[in-house]
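Trainee: Chains as they are written, first to last, in the numbering used here: chain A, 1 to 322; chain B, 1001 to 1319; chain C, 2001 to 2485.
Beta carbons: idealized from backbone N, C-alpha and C, even for Gly.
So that we are looking at the same thing, I have put the structure below in structure tokens.
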Amino acid sequence: MGEAILELRNLKKYYTLRKGLFGKIIVKAVDGVSLTFKPGEIIAVVGESGSGKTTLGKTSLKLLEPTDGQIIFEGRDITNSKKDDLKWFRKKAQIIFQDPFQALNPYHSIYQILKEPLEVHGEKDEDIIMKKILSVLEEVRLVPPEEFLHKYPHMLSGGQRQRIVIARALLLDPIYLVADEPVSMIDASSRAEILTLFREIQKARKLSIMYITHDIATTKYFSDWIAVMYLGRIVEYGRTKEVLNNPLHPYTQALINAVPDPDPNNRFVKRPVVPGEPPSPINPPPGCRFHPRCPKRFEPCDTEEPKLIEVGNDHYVACHLY
Amino acid sequence: MELQLEVNNLYLYYKTYKGIVEAVDGVSFYVPKGMAVGVVGESGCGKSSTANAILRVLPKNTYKYEGIVKLDGINLMDLDDDTFNREVRWRKISMVFQGAMNSLNPVLKVGFQVAEPLIIHQGMSKEEAYSKAAEMFELVGLPTQFLDRYPHELSGGMRQRVVIAMAMVMNPKLLILDEPTSALDVSIQAQIMNLLKDLKEKYKMSMIFITHDIALASDISDYMAVMYAGHIVEFGPSEEVLLNPQHPYSQKLLASIPRLREDKEPEFLPGTPPGLINPPRYCRFANRCHKVFDRCWNEEPQYYKIGKEHYVKCFLHES
Amino acid sequence: MAFERSAWSIFIESLVGKAGLILLLFMVVMSGYVLLAYPMDYGVRVWNNDKKWTDLPRAVPPEWWDIFDPRDLVTHRIFIDTKYDYTTEIFGMDAIVYEIEYEHTEDGFPTGLTVKYANLTVYSQFGAYVFINITRPDGTEINLFFKQEPVPVGEDISFPYTLYPEQDALIQVNTEDTTIFQLKSFLFSQYGISLNKSVIEAIGGIRVIFGTPIENENQTDFEVLKGLYKIKVMFASQDLIDVERVKVIIGGEVYGILGTDTRRRDLFQGLLFGFPIALSIGVFTSVLTTAIGSTLGIVSGYKGGKVDEIIQRVTDIVYNFPFLPLLIFIVFIISRIPDFPRLIAIIGAIVALGWSGLTIIIRSMVLSLRESMFVESAKAIGASDTRIMFKHIFPNLAPFIFAQMIFFTPGAILAEAALSFLGLGDPNLPSWGKIIEESFRGSSLQLGMWWWFLPPGLLIMLAAITFVFIALALEPIVNPKLKSR
Chain A
1 MGEAILELRN LKKYYTLRKG LFGKIIVKAV DGVSLTFKPG EIIAVVGESG SGKTTLGKTS
61 LKLLEPTDGQ IIFEGRDITN SKKDDLKWFR KKAQIIFQDP FQALNPYHSI YQILKEPLEV
121 HGEKDEDIIM KKILSVLEEV RLVPPEEFLH KYPHMLSGGQ RQRIVIARAL LLDPIYLVAD
181 EPVSMIDASS RAEILTLFRE IQKARKLSIM YITHDIATTK YFSDWIAVMY LGRIVEYGRT
241 KEVLNNPLHP YTQALINAVP DPDPNNRFVK RPVVPGEPPS PINPPPGCRF HPRCPKRFEP
301 CDTEEPKLIE VGNDHYVACH LY
Chain B
1001 MELQLEVNNL YLYYKTYKGI VEAVDGVSFY VPKGMAVGVV GESGCGKSST ANAILRVLPK
1061 NTYKYEGIVK LDGINLMDLD DDTFNREVRW RKISMVFQGA MNSLNPVLKV GFQVAEPLII
1121 HQGMSKEEAY SKAAEMFELV GLPTQFLDRY PHELSGGMRQ RVVIAMAMVM NPKLLILDEP
1181 TSALDVSIQA QIMNLLKDLK EKYKMSMIFI THDIALASDI SDYMAVMYAG HIVEFGPSEE
1241 VLLNPQHPYS QKLLASIPRL REDKEPEFLP GTPPGLINPP RYCRFANRCH KVFDRCWNEE
1301 PQYYKIGKEH YVKCFLHES
Chain C
2001 MAFERSAWSI FIESLVGKAG LILLLFMVVM SGYVLLAYPM DYGVRVWNND KKWTDLPRAV
2061 PPEWWDIFDP RDLVTHRIFI DTKYDYTTEI FGMDAIVYEI EYEHTEDGFP TGLTVKYANL
2121 TVYSQFGAYV FINITRPDGT EINLFFKQEP VPVGEDISFP YTLYPEQDAL IQVNTEDTTI
2181 FQLKSFLFSQ YGISLNKSVI EAIGGIRVIF GTPIENENQT DFEVLKGLYK IKVMFASQDL
2241 IDVERVKVII GGEVYGILGT DTRRRDLFQG LLFGFPIALS IGVFTSVLTT AIGSTLGIVS
2301 GYKGGKVDEI IQRVTDIVYN FPFLPLLIFI VFIISRIPDF PRLIAIIGAI VALGWSGLTI
2361 IIRSMVLSLR ESMFVESAKA IGASDTRIMF KHIFPNLAPF IFAQMIFFTP GAILAEAALS
2421 FLGLGDPNLP SWGKIIEESF RGSSLQLGMW WWFLPPGLLI MLAAITFVFI ALALEPIVNP
2481 KLKSR
């Protein structure tokens, strides 16, 4: 089972924007999120734009400074650690971004891109560097690895680039990885390939992953737990199978309904949609944040905020219906 | 069954410093009136180029442009550029381009951008054009107050509705949409798809829906055209293509989609499609095909008819 | 690398790119030639040294101007003799004679008659006499000039003694007093014309030497006498005598590829020297300016906070200085400091005033680049700020910076030319700006000495255009790449 690798306790990230000469707006991007990552487990954080999922991922890595709450990594409280004290952390915790076109510096060769993390962390031996690079290229199935060293990002396909991004994250042998929409910019038909590969690597290395996505369909094959986020808060949490088969929160239900499977009958039916737009975190509605769009809202929803409660079987939901 | 659009042996090649890109290489399909055809394929298979070819949006380095494109029985290729511009483009056929929601002019009000083609092409007065624009806004589910807003004041989903309104403003018979929901959140995507379903039903719009996501295409398409490396490898009613795909690529494509409602583990298809510069002169799918045999490496298969309306480009179905 | 090749082919396809490249090649070749063929201190040793130019005519247009002028213009002739042609006796002394012959075919008069000699070796206190004498096509002979070359007295004088060892003796025959006197008697004895010395001087001795008088109402005018002329330079002494070299210069109305200025300097040489000067000042200045401007822009844009604020304020102030007036002012002040190397002052001033524009642009580019994903990835890996700035951000800006550098070069060239034109340039460097300045001071415009002010002006323009063309051809390469990323 193992100890938790990473614990996020009531993590908050607020941004302060200046409005006019003296006014201030507080954007509550992440507003009290608690998650625990055990070794070898993937937690999918699902949400739309404005949900705060990307902010959560970056804050968990201290790429953004948390406003409140705690980040405990391998038992050490790193919430307030300064940049210079975190080099050890940077080796063990990495991030993969969604846009393979932007995540690689177009002016660096693949060799230079993969060499960088090793160089930054003090590896000077050219042989060791080369060995590690070749080994990680094989791990992401870019073979023969030597052929890729001298290429530049624009010479590779989207899928290949994303594999380089993954390879780069693996070089320092991290134990925790944030994967921010790793396949959303790749064709639907290639997503399975990358995710399957990624799953294999994850299993082999016993990585803990925060898998951030807006596409709930992929969570079925690539996560152990799902946390559904809305406006900075988790509204539902549970094992993947459980949440997908038995979604409790109206928002989760809407997200599932919104995703089509390839079925010719789809065109005859209009999907049940949640009206309106995903709101901006600048002015969250009072009470339950989802209530203006919720098809099942009733009395307490516009005044009281529901708490996250366990509804049995490691399944949590924050909704007045329960 | 009446056909709104008939495309026969359409070719579009571009000349680049690296060579000639055979983007659209002898493509044939049709769009029955009031129906939607989904054109599905990976990036770079030529689906956007096919749309450009139909709408005659040709770049300066066009090398070959020929074929037959019949709209209501009239071959559009016979028309000269001026006539095409005046009478066909935007009036009979219009298009929502990929990423259009992000290419709205940021310094003009959205109402004006919808009204403008009416003022310029149809010589309408400002009042008339604006009232038509307001009509369009209602059609796509936008409040008419939004006519005076600027693009940055609207969310992604709203901007996409504006773009659809712009495409519909001259009541075209055929609407081509290229990845209209790729940058949107899933819930907004569902809203837009519902809107398209509405338009199709109420106004009997014919549509071509281009996407890389076959599941999304199934949400609106009556017919499916599966594209691979510049060719349409399978075309037919959605029921047949989705439930009983005949081309090995279509089969693999469908198998690779993660499904929420079924317990099928997605398979994946290793390898990449051939480039469009000097593509193979034999079956382009040969190197990745699980049913490949000798002939596939020597010739290009023809388009074989295997059902009332079902066509496949594969030697397995030579009849 | 695929995109470098396509960048090159875009460049080379454009007309301006081809033109710019050809011009640049031309400038580089010329500069290379100059650097190889001429010494570094050319400016001081030769250009500003009047003694080196005495063989050339003063302020004449180029030789090819002859094609355009309806008159047949007189060619500039220099005759050099190192061995005497024969000996003779003059006034009881033995003399060695250097004789030259030349055919005058042109319609105009020569501009001067000069005799130079070097290393006149005498063997006794007696010294030597020099006689210059001309036989004209019509058979007449004029004894133009004579002088005595005495030997200086002193204990350290030993014989044989050489006069004019370093610098030639120079006799501007047609303006010498002696000659004018001789011409006066010649005119009287040959033609019966009586003219005052001052009148002859006003008419110009040269016209008398090389012409025949024609009566023209009350004035005496002279018409060119075409034909064979023999000029004899004779050295006579009671003792032995030796001369190493004698030069007879018949001044022409034209000279060389680009003519001469009022100090008799060959403008072609001077302008040639301008190539490496323009190129090096232009390129060096813009490299320095670009380096400073882009470094500050990158640091300011990436670091943010206080560092950014400080750099931004300083940049704003410098940016708002009026470039040219301040440049002139600074160089003027520095020129007052004795012994301060002027060239360094000029380059320093241009760089000090020019870097700010680039900083502002680079800073805004960096602001957007620093949000890109590959920068975030690098941060996630733990890369230091310095590493990110120079290994990640800089390469993305490099093509743009390079293009800016090229674009700044014509500005630098023009600034230096302007400074030189105002007299603030380095006095020892024959830069094009300096030559224009001298031509203006020498009233070239009023006197119509187009060959003195036009070529340097055109060359400055050419140098500037070279870089402008290259920068223009680079534009489509530089811009879309930034947009697409």
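Looking only at C-alpha atoms, which of C:2467, C:2422 and C:2465 sits nearest to residue 2324 of chain C?
Mentor: Numbered from 1 along the third sequence, position 324 holds the residue referred to as residue 2324 of chain C. It is C:2422.
Trainee: In terms of residues, what are the limits of the alpha helix (DSSP H) holding residue 2302 of chain C?
Mentor: Along the third sequence, read from residue 1 onward, the residue named residue 2302 of chain C stands at position 302. From DSSP, the alpha helix (DSSP H) with residue 2302 of chain C extends over 2267-2303.
Trainee: Check whether chain A comes within 8 Å of residue 2367 of chain C, counting only Cβ atoms and requiring the distance to be less than that.
Mentor: The residue labelled residue 2367 of chain C in the question sits at position 367 within the third sequence. Taking 8 Å as the threshold, the shortest C-beta distance from residue 2367 of chain C to chain A does not fall below it.
Trainee: Could you name the residues of chain A that residue 2373 of chain C contacts, counting a contact when the two beta carbons are closer than 7 Å?
Mentor: The sequence position of residue 2373 of chain C within the third sequence is 373, counting from 1. What residue 2373 of chain C touches in chain A: 97, 99, 102 and 103.
Trainee: Can you find a CB in chain A that lies within less than 8 Å of the CB of residue 2306 of chain C?
Mentor: By one-based count along the third sequence, residue 2306 of chain C stands at place 306. It does not; no Cβ of chain A falls within 8 Å.
Trainee: Would the beta-carbon of residue 2293 of chain C fall within 8 Å of that of residue 2358 of chain C?
Mentor: Translated into positions along the third sequence, residue 2293 of chain C becomes position 293. Translated into positions along the third sequence, residue 2358 of chain C becomes position 358. Yes. Within cutoff.
Trainee: Taking the CB atoms as reference points, tell me whether residue 1257 of chain B and residue 188 of chain A lie closer together than 8 Å.
Mentor: Taking the first residue of the second sequence as position 1, residue 1257 of chain B is located at position 257. Taking the first residue of the first sequence as position 1, residue 188 of chain A is located at position 188. Yes.
Trainee: Does the beta carbon of residue 188 of chain A come closer than 8 Å to any beta carbon on chain B?
Mentor: Here residue 188 of chain A is taken as the residue at index 188 of the first sequence, counted from 1. With 8 Å as the cut-off, residue 188 of chain A counts as an interface residue toward chain B.
Trainee: So if I threshold CB-CB distances at 8 Å, which residues from the segment 1255-1277 of chain B count as touching chain A?
Mentor: 1256, 1257, 1258, 1259, 1260, 1261, 1262, 1265, 1266, 1267, 1268, 1269, 1270 and 1272
Trainee: Can you tell me which of C:2236, C:2189 and C:2231 puts its alpha carbon nearest to the alpha carbon of residue 2213 of chain C?
Mentor: Here residue 2213 of chain C is taken as the residue at index 213 of the third sequence, counted from 1. Comparing Cα positions, the closest option is C:2189.
Trainee: Residues of chain C with CB under 7 Å from residue 117 of chain A, in chain order?
Mentor: What you label residue 117 of chain A is simply residue 117 of the first sequence in a count that begins at 1. Correct list: 2381.
Trainee: Determine, using beta carbons only, whether residue 1228 of chain B and residue 1041 of chain B come nearer to each other than 8 Å.
Mentor: Within the second sequence, numbered from 1, the residue matching residue 1228 of chain B stands at position 228. Within the second sequence, numbered from 1, the residue matching residue 1041 of chain B stands at position 41. In contact: residue 1228 of chain B and residue 1041 of chain B (Cβ atoms closer than 8 Å).
Trainee: Do residue 2177 of chain C and residue 2117 of chain C come within 8 Å of each other at the CB atom, strictly closer than that value?
Mentor: Stepping through the third sequence from its first residue, residue 2117 of chain C is reached at position 117. Stepping through the third sequence from its first residue, residue 2177 of chain C is reached at position 177. Cβ distance not < 8 Å, so residue 2117 of chain C and residue 2177 of chain C don't count as in contact.
Trainee: Closer than 8 Å is the cut-off here; do at least three beta carbon pairs connect the segment 2048-2065 of chain C with the segment 2220-2228 of chain C?
Mentor: no
Trainee: To be precise: take each residue of the segment 251-267 of chain A, compare its Cβ to all Cβ atoms of chain B, and keep it if any distance is under 8 Å. Which residues remain?
Mentor: 254, 255, 256, 257, 258, 259, 260, 261, 262, 263, 264, 266 and 267
Trainee: In chain A, what lies closer than 9 Å to residue 2387 of chain C by C-beta?
Mentor: Here residue 2387 of chain C is taken as the residue at index 387 of the third sequence, counted from 1. Residues of chain A passing the Cβ test: 116, 119 and 120.
Trainee: Quick one: using the 10 Å Cβ neighbour count with 16 as the cut-off for buried, is residue 2390 of chain C buried or exposed?
Mentor: Taking the first residue of the third sequence as 1, we reach residue 2390 of chain C at position 390. Of the other Cβ atoms in all chains shown, fewer than 16 fall within 10 Å of the Cβ of residue 2390 of chain C; this residue is therefore exposed.
Trainee: Output yes or no for whether 8 Å exceeds the beta carbon distance between residue 2299 of chain C and residue 2311 of chain C.
Mentor: As a working mapping, residue 2299 of chain C is identified with position 299 in the third sequence. As a working mapping, residue 2311 of chain C is identified with position 311 in the third sequence. Yes. Within cutoff.
Trainee: For residue 259 of chain A versus residue 317 of chain A, is the C-beta spacing smaller than 8 Å?
Mentor: Within the first sequence, the letter at position 259 stands for residue 259 of chain A. Within the first sequence, the letter at position 317 stands for residue 317 of chain A. No; because the gap between Cβ atoms is not below 8 Å, this pair is not in contact.
Trainee: Determine the extent of the beta strand (DSSP E) in which residue 1203 of chain B is found, giving its start and end residues.
Mentor: As a first step, residue 1203 of chain B is located in the second sequence; it is residue number 203 there, counting from the start. Taken as a continuous stretch (DSSP letters only), residue 1203 of chain B belongs to no beta strand (DSSP E), being part of the alpha helix (DSSP H) at 1186-1203.
Trainee: Counting beta carbon pairs with one atom in the segment 1260-1278 of chain B and one in the segment 1020-1029 of chain B, are three or more of them shorter than 8 Å?
Mentor: yes
Trainee: Check for me: the alpha helix (DSSP H) holding residue 1032 of chain B runs from which residue to which?
Mentor: By one-based count along the second sequence, residue 1032 of chain B stands at place 32. Premise fails: residue 1032 of chain B lies in the beta strand (DSSP E), 1019-1032, not in any alpha helix (DSSP H).
Trainee: Could you tell me the boundaries of the alpha helix (DSSP H) in which residue 135 of chain A lies?
Mentor: For the purposes of this step, residue 135 of chain A is taken as the residue at position 135 of the first sequence. That run of the alpha helix (DSSP H) goes 126-139.
Trainee: Quick one, are the C-beta atoms of residue 242 of chain A and residue 315 of chain A less than 8 Å apart?
Mentor: Against the first sequence, residue 242 of chain A aligns to sequence position 242. Against the first sequence, residue 315 of chain A aligns to sequence position 315. Taking 8 Å as the Cβ cut-off, residue 242 of chain A and residue 315 of chain A qualify as a contacting pair.
Trainee: Pick helix, strand or coil for residue 1083 of chain B, following the three-state DSSP scheme.
Mentor: As a position in the second sequence, residue 1083 of chain B is number 83, starting the count at 1. Helix.
Trainee: Ignoring anything shorter than 4 residues or poking outside the segment 52-134 of chain A, list the alpha helix (DSSP H) runs there in chain order.
Mentor: DSSP assignment within the segment 52-134 of chain A yields the following whole alpha helix (DSSP H) runs of 4 residues or more, N-terminal first: 53-60, 87-92 and 110-120.
Trainee: Applying the criterion that 16 or more other CB atoms from any shown protein chain within 10 Å of the CB defines a buried residue, is residue 7 of chain A buried or exposed?
Mentor: As a position in the first sequence, residue 7 of chain A is number 7, starting the count at 1. Classification for residue 7 of chain A: buried.
Trainee: In this structure, does DSSP put residue 2357 of chain C in helix, strand or coil?
Mentor: On the third sequence, position 357 is the one that residue 2357 of chain C refers to. Of the three classes helix, strand and coil, the one that applies to residue 2357 of chain C here is helix, per DSSP.
Trainee: Less than 8 Å between CB atoms is the rule here; does residue 311 of chain A satisfy it with respect to chain C?
Mentor: Start at 1 with the first residue of the first sequence, and residue 311 of chain A comes out as number 311. Chain C, which has no Cβ nearer than 8 Å to the Cβ of residue 311 of chain A, makes this no.
Trainee: Taking a Cβ distance cut-off of 8 Å, strictly less, list which residues of the segment 1035-1052 of chain B are near chain A, in chain order.
Mentor: Answer set for the segment 1035-1052 of chain B: 1036, 1042 and 1043.
Trainee: For a contact meaning CB atoms closer than 8 Å, what does residue 2395 of chain C contact in chain A?
Mentor: For the purposes of this step, residue 2395 of chain C is taken as residue 395 along the third sequence, with counting starting at 1. In chain order: 105, 107 and 108.
Trainee: What's the call for residue 2333 of chain C, buried or exposed, on a 16-neighbour Cβ count within 10 Å?
Mentor: On the third sequence, position 333 is the one that residue 2333 of chain C refers to. Exposed, since its Cβ has fewer than 16 Cβ neighbours within 10 Å.
Trainee: Kindly indicate which three-state DSSP category residue 169 of chain A falls into: helix, strand or coil?
Mentor: If you number the first sequence from 1, residue 169 of chain A lands on position 169. Three-state result, residue 169 of chain A: helix.
Trainee: Can you find a C-beta in chain C that's less than 8 Å from the C-beta of residue 163 of chain A?
Mentor: As a first step, residue 163 of chain A is located in the first sequence; it is residue number 163 there, counting from the start. With 8 Å as the cut-off, residue 163 of chain A does not count as an interface residue toward chain C.
Trainee: Identify, in the order they occur along the chain, each residue of the same chain with its Cβ nearer than 8 Å to the Cβ of residue 304 of chain A, setting aside the five sequence neighbours on each side.
Mentor: For the purposes of this step, residue 304 of chain A is identified with residue 304 of the first sequence, where counting begins at 1. Counting only Cβ-Cβ distances below 8 Å, and skipping sequence neighbours, we find 287, 288 and 320.
Trainee: Tell me where the beta strand (DSSP E) around residue 2081 of chain C begins and ends.
Mentor: Looking up residue 2081 of chain C in the third sequence gives position 81. Taken as a continuous stretch (DSSP letters only), the beta strand (DSSP E) holding residue 2081 of chain C covers 2077-2081.
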